[in-house]
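J.:
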Amino acid sequence: MTLSKASSAAALLDWYRAMGVDEAIGDAGIDRFAEAAAARAKPEPAPPPTEARQSSPPAGPRREFASLAPDEAVMDARERARGANTLEELEKALSGFEGCPLKATAKNTCFKRGSDEARVMFIGEGPGRDEDLQGLPFVGRAGKLLDKMLTAISLTEDDAYVTNIVYWRPPGNRTPTLQEVQACIPFLERQVELLDPDYLVLIGGPASQNLLGTKEGIMRLRGKWRDCEIGGKARKALPMLHPAYLLRNPAAKRQAWRDLLTLKTALEKTDET
Ligand code: URA
6 MTLSKASSAA
16 ALLDWYRAMG
26 VDEAIGDAGI
36 DRFAEAAAAR
46 AKPEPAPPPT
56 EARQSSPPAG
66 PRREFASLAP
76 DEAVMDARER
86 ARGANTLEEL
96 EKALSGFEGC
106 PLKATAKNTC
116 FKRGSDEARV
126 MFIGEGPGRD
136 EDLQGLPFVG
146 RAGKLLDKML
156 TAISLTEDDA
166 YVTNIVYWRP
176 PGNRTPTLQE
186 VQACIPFLER
196 QVELLDPDYL
206 VLIGGPASQN
216 LLGTKEGIMR
226 LRGKWRDCEI
236 GGKARKALPM
246 LHPAYLLRNP
256 AAKRQAWRDL
266 LTLKTALEKT
276 DET
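At position 253 of the sequence shown the residue is numbered 258 (the numbering used here), and the sequence of numbers has no breaks.
Structure representation (structure tokens):
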């Protein structure tokens, strides 16, 4: 079978999208073959003096990124997070942190959305494309569904605080790696300590598994209150299906509704006491 030029271009775009290449980074295309041929034709330039080489930024669209070894990154994150006494200070501390490799490819840091007085803290997997563009968690399609789910149990932005286990978008929306999560976790733990919510809701498998320290799947974890120790305090955490999963599998909304009712019941009980 031969494809027309238009359909082979469409197939190529579909493939790019499936691989996570979902945005252009320049107005004009770059002919890398021509660049390589020109480079081969040119004699090697003399290296610049050492001092100049050290201070010049790396070429290309990536921004300069001081990478730390994974254990150094975790220590740096802990120190910065510990030094913050308010959520505002913590956000500032996070903005100076260079230990998570995801920061190098992200456009913005997505720290949180919602109220600093919230009783419930929702923790998702990581920012997607819309979140990366706006610098806020859960503002894309999944976020809109999450908002509708919260409204359905009468929770407003004043009652909810929304964040993720990583603060920068994983390229192509892949699942964050253990190293990326570990670099961000000290900030998340401090966020929990400073907000001190009545309940945590863990949205989706990666958030649930990383915070509960288990490999069990979300289908088994969801819907039951779990103990989660953060900052020396045992906290109640409810794993829930991810709204992005519900968008792909609308039939699972029944289970999500049951989980929301579990949260609502807990909130009403706390109201009575
Ligand atoms: N999915 C997440 O887990 N978090 C977001 O912020 C957006 C989509």
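Cβ coordinates follow ideal geometry from the N, Cα and C atoms, glycine included.
Check whether the Cβ atoms of L207 and R240 sit closer than 8 Å, and answer yes or no.
T.: The count along the sequence shown starts at 1 and reaches residue 207 at position 202. The count along the sequence shown starts at 1 and reaches residue 240 at position 235. No, Cβ-Cβ distance for L207 and R240 is not below 8 Å.
J.: CB L160 to CB V125, shorter than 8 Å?
T.: The sequence position of residue 160 within the sequence shown is 155, counting from 1. The sequence position of residue 125 within the sequence shown is 120, counting from 1. Yes, they are a contact pair.
J.: Since I170 and N113 should fall inside the 8 Å C-beta cutoff, what is the C-beta to C-beta distance between them, to a whole number of angstroms?
T.: Counted from its first residue, the sequence shown places residue 170 at position 165. Counted from its first residue, the sequence shown places residue 113 at position 108. Their Cβ separation, rounded to whole angstroms, is 17 Å, which puts I170 and N113 out of contact at 8 Å.
J.: Run the CB neighbour count on D76, radius 10 Å, all protein chains shown included, and call it buried at 16 or more, exposed below.
T.: Locating residue 76 in the sequence shown gives position 71, counting from the first residue. Answer is exposed; the Cβ neighbour count stays below 16.
J.: Rounded to whole angstroms, what's the CA-CA distance from I223 to L217? Just pull it up for me.
T.: Taking the first residue of the sequence shown as 1, we reach residue 223 at position 218. Taking the first residue of the sequence shown as 1, we reach residue 217 at position 212. Near 11 Å, if we compare the C-alpha coordinates of L217 and I223.
J.: Only counting the same chain, and skipping five residues up and downstream in sequence, which positions put a Cβ closer than 6 Å to that of V144?
T.: Here residue 144 corresponds to residue number 139 of the sequence shown, with the count starting at 1. Within the same chain, V144 has close Cβ partners D135, E136.
J.: Let me check you understand the geometry: is the CB of I190 closer than 7 Å to at least one non-hydrogen atom of ligand 1?
T.: In the sequence shown, counting from the first residue as 1, residue 190 sits at position 185. No, ligand 1 has no heavy atom inside 7 Å of this Cβ.
J.: The beta strand (DSSP E) spanning I208 covers which residue range?
T.: Position 203 of the sequence shown holds residue 208. First-last of the beta strand (DSSP E) with I208: 204-208.
J.: Between which two residues does the alpha helix (DSSP H) holding C105 run?
T.: The residue labelled residue 105 in the question sits at position 100 within the sequence shown. Element bounds for C105: n/a, residue is neither H nor E.
J.: Answer with buried or exposed for S100, where buried requires no fewer than 16 other C-beta atoms within 10 angstroms of its C-beta.
T.: Taking the first residue of the sequence shown as position 1, residue 100 is located at position 95. Result: exposed.
J.: Kindly list the residues whose CB is nearer than 6 Å to the CB of W262, restricted to its own chain and excluding five residues on each side of it in sequence; keep chain order.
T.: Along the sequence shown, one-based indexing puts residue 262 at 257. Hits under 6 Å: none found.
J.: Indicate the three-state DSSP secondary structure (helix, strand or coil) for G222 in the structure shown.
T.: The residue labelled residue 222 in the question sits at position 217 within the sequence shown. In the structure shown, G222 sits in coil (DSSP, three-state: anything other than H, G, I, E or B).
J.: Out of T91, W173, Y166, A86, which one is the CA nearest neighbour of Q139?
T.: In the sequence shown, counting from the first residue as 1, residue 139 sits at position 134. Comparing Cα-Cα distances from Q139 to each of T91, W173, Y166, A86, the minimum goes to W173.
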